[in-house]
Amino acid sequence: MQRFLIGFISFLKMPAGRQSAIYAITILILLGNRLTSIVHAESGAIVSAVAFFTVGITSIAARKRGRTVQYVFWQALAGLILPLALLSLTALWIPNCDYPRGLAIFLLLVVPSVVLSVAIANILVVRRVHRERTVFIAVGLVVALIPSLLTLKFFPQFYLYNHVFGGILGPVYEEQLFVRSGMIWYRTLTCCWALLLFMAASYRNQKVYIGLVVACIGLLYLFASDLGLRGSIQKIGAALGNVVVTDHFRIIFDESTVERRNVVSLAAYHEYHFDRLSSALETQPERMVDVYVYPDSETKAKLTGAGTTSVAPVWLPRPQIHILDSELGRSLDHELVHVFTREFGESLTNASFEIGLVEGIAVALEAPDGLPDIDAQVQALFTDSAFTSVYTDDRVNQIISSPFFWLDRGAVSYSVSGSFIRWLLREYPVEKFKRVYTSGDYEAEYGEPVESLIDRWKNFILQTPPDANALRMGTGRFLVPSLFEQRCPHHVPEYLELYRQARRSHLSGEFSSAKSVYSRALEINPEFLYARADLARLLLQSGEIDEAYQLIKDVGEPFLPVMEVQADILLATSRFEAATDTYQDLLDRLPEYAAHQRLRIGLKQRLSTANQPSQSVFTAATGILQINGRPDSIRTVALLARALELTPYNPDEAQQLLEHAISSDESTITGGIFGLVSVLQFWHGDFESAVSSARRASDYFQNDRNDALADYYEYIFNLSTSANDYSTTH
2 MQRFLIGFIS FLKMPAGRQS AIYAITILIL LGNRLTSIVH AESGAIVSAV AFFTVGITSI
62 AARKRGRTVQ YVFWQALAGL ILPLALLSLT ALWIPNCDYP RGLAIFLLLV VPSVVLSVAI
122 ANILVVRRVH RERTVFIAVG LVVALIPSLL TLKFFPQFYL YNHVFGGILG PVYEEQLFVR
182 SGMIWYRTLT CCWALLLFMA ASYRNQKVYI GLVVACIGLL YLFASDLGLR GSIQKIGAAL
242 GNVVVTDHFR IIFDESTVER RNVVSLAAYH EYHFDRLSSA LETQPERMVD VYVYPDSETK
302 AKLTGAGTTS VAPVWLPRPQ IHILDSELGR SLDHELVHVF TREFGESLTN ASFEIGLVEG
362 IAVALEAPDG LPDIDAQVQA LFTDSAFTSV YTDDRVNQII SSPFFWLDRG AVSYSVSGSF
422 IRWLLREYPV EKFKRVYTSG DYEAEYGEPV ESLIDRWKNF ILQTPPDANA LRMGTGRFLV
482 PSLFEQRCPH HVPEYLELYR QARRSHLSGE FSSAKSVYSR ALEINPEFLY ARADLARLLL
542 QSGEIDEAYQ LIKDVGEPFL PVMEVQADIL LATSRFEAAT DTYQDLLDRL PEYAAHQRLR
602 IGLKQRLSTA NQPSQSVFTA ATGILQINGR PDSIRTVALL ARALELTPYN PDEAQQLLEH
662 AISSDESTIT GGIFGLVSVL QFWHGDFESA VSSARRASDY FQNDRNDALA DYYEYIFNLS
722 TSANDYSTTH
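Residue numbering for the sequence shown follows our numbering, beginning at 2 and increasing consecutively.
Here it is as structure tokens:
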């Protein structure tokens with residue numbers, strides 16, 4: 002035992018031993034968090050930074066003791082086996098569903114940094130630089146920080162490549178991270194710098210080769226934007242290709258955006274929210290805001306690094322927003338709040354250092370969306386036993402006023418901070434919040450510490466009359482695990498990727514392609530019920546009723562999407578009583594806030610109750626409506642049901658059917674239909690009609706005591722009124 006201890010201590014005194022000890026300690030620290038406990042991007046970036054400094058310092062010691070550069074180089078690379086092995090072993094108790102991709106990312110991040118580290122250490126020793134270790138650490142810090150800060154400050158990208166820590170591949174909420182060609186080129190650049198330093202250390206007879214390497218480095222920097230080493234506004238603008246300029250915005254978008262939306266609607270929508278937020282915050286951006294609208298997540302990820310996440314990079318010199326076309330109606334106002342808060346953010350980042358304030362104000366000022374009130378949802382945290390023991394006062398305080406915002410569940414962090422900030426804005430002048438946003442000093446502005454303010458806000462939440470609908474929604478949202486709790490973070494299974502691809506084809510009307518890809522997804526995971534339900538719906542829409550039935554007949558447990566298709570099959574085959582009962586079962590299970598879905602199912606139930614086969618609902622995929630000879634009211638219901646089926650697939654045709662139904666038999670139309678029509682009319686530029694439809698929808702839901710939908714359609718009414726005024730003056 003004594004010999005072992007002596008040998009172990011002797012090993013720790015060697016460069017390889019010190020490296021191993023530091024790696025082991027690093028991995029032990031990383032094991033404290035699921036996200037960093039596996040071989041992937043986060044652990045790779047941390048190990049890369051640790052390895053860079055560890056290898057550099059120990060390599061200096063080894064070279065000064067007479068070790069050759071070849072020995073030091075291979076020993077440094079061999080040393081990486083330990084952290085890789087330790088992280089790989091965690092798969093015994095922590096799932097790593099994405100190990101091959103994670104391994105590729107890990108090696109791409111770590112290995113070039115170690116090679117560069119050895120090269121810098123070597124030239125410092127060979128050139129006899131005084132205080133080599135201090136110089137190495139200084140060089141490492143400069144290379145790690147300065148290029149990163151300059152890139153973040155001046156380039157529109159949400160990824161970051163670095164010679165020391167490898168890089169950050171995307172925003173924290175990105176579901177999946179990818180190795181882009183730019184990352185490979187950047188790590189090639191790292192290796193070129195290392196090669197140049199190795200050559201410079203032994204300068205003799207190397208002039209030609211040094212010149213070639215310098216030329217390669219120069220070319221990589223010259224074509225940095227084209228190769229994807231950094232983002233480029235010009236490249237993004239050229240890729241999207243279309244621009245609309247309003248009083249306060251430059252909206253840059255792809256051609257497909259104007260296929261779905263009227264250009265005037267797009268401009269008026271932006272200007273309406275600009276005016277609304279100017280009034281709420283009593284300020285406005287001094288410069289014109291650039292809004293980049295991307296047609297799909299693949300294009301957005303390729304150009305910016307953020308595929309699905311909407312981002313307003315407030316730290317850049319020019320105010321801008323990067324958003325998917327599909328998110329315009331849901332996220333633009335949230336991101337635009339971030340743009341407005343630049344005007345009173347602190348000078349370094351144009352934001353607040355407290356993320357709870359940054360995201361809280363954006364949530365607080367979001368326009369109504371027809372869903373239950375956020376205050377009523379947050380009440381679930383303080384009344385539901387699933388949360389009360391977890392979300393203590395200290396935990397809530399951490400979310401609102403500490404750097405730990407990102408570590409909690411996204412729905413919880415955003416909802417809690419948004420509800421709290423909205424309460425502050427109701428209770429106090431907005432100017433007080435604007436000063437707190439910069440300083441973080443609640444007591445100086447509000448006359449009491451943040452803990453006291455949180456207690457008062459919590460009492461307000463608890464005194465709010467409980468809303469079962471809101472509590473149900475809040476509970477469902479708050480149970481969704483954070484990235485740090487997920488079983489397999491950053492991993493999207495192949496069957497899910499295929500399902501999403503099939504659904505995009507389905508929504509685009511490419512039924513043949515969708516059918517093939519749905520089938521491939523089900524070959525991988527036959528129990529994936531969303532794919533079975535959507536494929537069955539597609540088959541039904543194509544008239545293949547028997548095939549649709551065979552696909553879902555053996556689903557045992559109630560699953561709402563499958564239940565709806567089952568009911569549709571019963572209706573299409575004239576088994577009206579069974580269809581009616583199944584639709585009713587669905588309505589009993591669906592929450593009240595699923596308004597669109599409940600409306601669609603309710604219409605189809607009316608068809609089954611009237612003993613009317615609904616072939617029109619399903620065979621109209623070919624553009625044929627078989628509704629001749631039916632009573633007007635039933636024909637109208639069939640049109641409405643078909644329109645709601647079409648809304649996500651073909652909004653133009655859906656709008657035509659809805660308007661035809663309204664003109665045919667208005668007595669059967671409910672407020673929900675008028676509301677749906679108003680949104681479609683707005684985006685198609687028919688503002689006068691949208692005003693009328695939204696007014697009727699808002700009044701209907703006001704009488705129905707559905708405050709969430711009444712507020713939403715009141716918002717659509719105001720938006721359409723503003724757009725109508727805008728269209729007459731521009």
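Here a beta-carbon is modelled for each residue, glycine too, at the ideal position from N, C-alpha and C.
All values derive from a computational prediction rather than experimental measurement.
Looking at residue i: is its Cβ nearer than 7 Å to the Cβ of residue j?
i: H323; j: T309; result: no
i: L499; j: A522; result: yes
i: S721; j: F683; result: yes
i: P157; j: A709; result: no
i: R436; j: E446; result: yes
i: S362; j: F406; result: Here residue 362 turns out to be Ile, not Ser, going by the sequence shown. Not in contact: I362 and F406 (Cβ atoms no closer than 7 Å).
i: I61; j: A122; result: yes
i: G167; j: S49; result: yes
i: S483; j: R396; result: no
i: G57; j: S118; result: yes
i: N243; j: F250; result: no
i: A139; j: V165; result: no
i: Y293; j: I237; result: yes
i: N725; j: F702; result: no
i: Y369; j: Y713; result: First, the residue type needs correcting, since residue 369 is Pro and not Tyr in the sequence shown. Going by C-beta atoms, P369 is nearer than 7 Å to Y713.
i: A307; j: F159; result: yes
By alpha-carbon positions, which one of the options ends up nearest to residue i?
i: S735; options: E176, E355 and Y162; result: No statement about residue 735 is possible, as the shown extent of the chain runs from 2 to 731 and does not include it.
i: T610; options: F529, A568, N719 and E558; result: A568
i: K433; options: Y415, C489, A63 and F345; result: F345
i: E528; options: L333, F53 and K554; result: K554
i: A52; options: G80, H41, L561 and S699; result: G80
i: H685; options: Y714, P320, A269 and L325; result: A269
i: F179; options: A711, K303 and L223; result: K303
i: L87; options: P113, I30 and Y222; result: I30
i: I252; options: E367, T342, A92 and L325; result: L325
i: L104; options: Y415, R501 and S44; result: S44
i: I401; options: S390, P450 and H492; result: P450
i: I169; options: L110, D227, R132 and T189; result: L110
i: R66; options: L78, Q76, A46 and V126; result: V126
Are the C-beta of residue i and some C-beta of chain C separated by less than 7 Å?
i: L213; result: Structure shown: chain C not included; a single protein chain is present.
In whole angstroms, what separates the C-alpha of residue i from that of residue j?
i: L544; j: A573; result: Per the sequence presented here, residue 544 reads as Gly, with Leu not at that position. When rounded, the distance between both Cα atoms is 10 Å.
i: T350; j: L604; result: 51 Å
i: A365; j: L426; result: 9 Å
i: L213; j: S89; result: 39 Å
i: L220; j: A549; result: 57 Å
i: Y174; j: P490; result: 10 Å
i: F388; j: L480; result: 9 Å
i: D547; j: I570; result: 9 Å
i: F421; j: Y443; result: 13 Å
i: V338; j: A202; result: 53 Å
i: S690; j: E328; result: 24 Å
i: L530; j: G371; result: 28 Å
i: V40; j: W186; result: 22 Å
i: T258; j: Y295; result: 8 Å
i: Q177; j: V136; result: 38 Å
i: Q207; j: A120; result: 16 Å
Any idea if residue i is buried or exposed, counting beta-carbon neighbours within 10 angstroms, 16 or more meaning buried?
i: V115; result: buried
i: G630; result: At G630 the pLDDT is 36, less than 50, meaning the model places this residue with poor confidence; the figure from the coordinates comes in the next sentence. G630 should be labelled exposed.
i: W94; result: exposed
i: L677; result: buried
i: E565; result: buried
i: P84; result: buried
i: V73; result: buried
i: I82; result: exposed
i: Q71; result: exposed
i: G33; result: exposed
i: T623; result: Summary for T623: the model assigns pLDDT 33, below 50, so the residue's position carries little reliability; its value from the coordinates is reported in the next sentence. It counts as exposed.
Measuring from the CB of residue i, is there a heavy atom of the ligand COA at a distance below 6 Å?
i: L142; result: Annotation note on the ligand COA: not contained in the displayed structure, which lists no ligands.
Could you tell me how far apart the beta carbons of residue i and residue j are, in whole angstroms, since I believe they sit closer than 8 Å?
i: I218; j: C192; result: Incorrect: roughly 10 Å between the Cβ atoms, too far for contact.
i: S513; j: L536; result: Actually they are not in contact, since the Cβ atoms of S513 and L536 sit about 13 Å apart, beyond 8 Å.
i: Q380; j: L463; result: 7 Å
i: A594; j: N470; result: According to the sequence shown, residue 594 is Tyr rather than Ala. Their Cβ separation, rounded to whole angstroms, is 6 Å, which keeps Y594 and N470 in contact under 8 Å.
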